[in-house]
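Q:
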Amino acid sequence: MAPFNTIAEIRAEIKKQIHEQPKGNQLVIIDYLQLIAPAVTQRERRDQEFGEINWELKHLA
């Protein structure tokens, strides 16, 4: 898969892949959380942004 900027883009690509190959292997690996933009960019600290990104990724599972 190509690089994505947001969780929404990742979610859309996963749904697209599942629709295109419903019986295929389904595994998503995210290597760099730092490259994902949080939904809310008004956080005071970067660790809060990572916490939000982590929470959103867990809800994708």
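Residue numbers (the working numbering): 541 to 601. Where is the CB? At the ideal position from N, CA and C, for every residue including glycine.
(1) Buried or exposed: which applies to I569, given that a residue is buried once 16 or more other Cβ atoms fall within 10 Å of its Cβ?
(2) Output needed for E596: all residues of its chain with C-beta closer than 6 Å, excluding positions within five of it in sequence on either side, in chain order.
(3) What separation, rounded to the nearest whole angstrom, lies between the Cα atoms of N594 and Q574?
(4) Leaving aside the five residues before and after A579 along the sequence, list all residues of the same chain whose C-beta is less than 8 Å from its C-beta, in chain order.
(5) Taking only three categories from DSSP, how would you classify A601?
(6) What distance in whole Å lies between the Cβ atoms of Q566 and I558, which are believed to be in contact at a cut-off of 8 Å?
A: According to the data block:
(1) So I569 counts as exposed.
(2) I547, listed in sequence order.
(3) Distance between the alpha carbons of N594 and Q574: 11 Å.
(4) Result list for A579: T546, I547, A548, E592, E596, in chain order.
(5) In the three-state reduction of the DSSP assignment, A601 falls in the coil class, being assigned neither a helical nor a strand state.
(6) Rounded, the Cβ-Cβ distance is 7 Å, consistent with contact.
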